[in-house]
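Numbering (the UniProt record's numbering), first residue to last: 1 to 199.
All C-beta atoms, glycine included, are put in the ideal place defined by N, C-alpha and C.
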């Protein structure tokens, strides 16, 4: 019965299923260690059939990393009914929780970009740009998001790198050894942003 259900999946549903399995596996291993054989086995299909939906391993990896970037943007999207300052705080708390839950795969994402893997670099850049635009909107500087040379955009983009590094280092500590709570870390990060804007 299960096999007949699997056979009725459309091509798009099958691709979504395979990417979803890849995302789950990405929680515990970096993208380059993701086994397409293991993904295919979990989906109940052959390795060859996986390559019917994704012509190469690289195509599959791109789909998974792209989905991870979209997921990060989705889970960090704040409640628009809140005041902008609260939305920013909510966004950063969600970002910190995301990095903490998926620390190894997130580090793989960042290092893949830093290492020059072109498909990871592009996806990472798009994700960072999306976060930058969101912060600029919340700061009331939406126009800066479309100007690559805007000092405000450059500042926010660099500040997000600071927040990211802080989140990675903080989440890597055993919980009892973390010097501050997640809430305090976020409040300090927001204070740092406002201080930078006054320079």
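Between residue 90 and the rest of its own chain, which residues show a CB-CB distance below 6 Å, the 5 nearest in sequence each way excluded?
78
Start and end residues, alpha helix (DSSP H) containing residue 165
Note, residue 165: alpha helix (DSSP H), 151-171.
Helix or strand or just coil, what does DSSP make of residue 140?
coil
Would you report the Cα separation of residue 85 and residue 129, rounded to the nearest angstrom?
20 Å
Exposure label - residue 188; buried when at least 16 CB within 10 Å
exposed
Is it buried or exposed for residue 22, if we count other Cβ within 10 angstroms and need 16 for buried?
buried
Output the residue ranges of the alpha helix (DSSP H) runs that lie fully inside the UniProt domain "HTH tetR-type" (12-72) and measure 4 residues or longer, sorted by chain position.
36-43, 47-53
Between residue 46 and residue 52, what straight-line distance do the alpha-carbon atoms span, to the nearest angstrom?
Cα atoms of residue 46 and residue 52: separation of roughly 10 Å, rounded to the nearest angstrom.
Proximity of residue 36 and residue 50 at Cβ, strictly below 7 Å
yes
Comparing the C-beta of residue 95 with each C-beta of chain D, is any distance below 7 Å?
The structure shown contains no chain D; it holds only a single protein chain.
Own chain partners of residue 64 with C-beta closer than 8 Å, once the 5 adjacent residues on each side are dropped:
19, 22, 23, 26, 31, 34
Nonlocal neighbours in the same chain, by C-beta distance under 6 Å from residue 173, ignoring five residues either side
none
Count the other CB atoms, across all protein chains shown, that sit within 10 Å of the CB of residue 143; report buried if there are 16 or more and exposed otherwise.
Exposed, by the Cβ-count rule.
Decide if residue 48 is buried, meaning its Cβ has at least 16 other Cβ atoms within 10 Å, or exposed.
exposed
At the level of alpha carbons, what is the spacing between residue 196 and residue 152?
10 Å
Identify, in the order they occur along the chain, each residue of the same chain with its Cβ nearer than 7 Å to the Cβ of residue 219, setting aside the five sequence neighbours on each side.
Because the chain in this structure spans residues 1 to 199, residue 219 falls outside the shown range and cannot be described.
At the level of alpha carbons, what is the spacing between residue 82 and residue 162?
25 Å
As assigned by DSSP and simplified to three states, the class of residue 180:
coil
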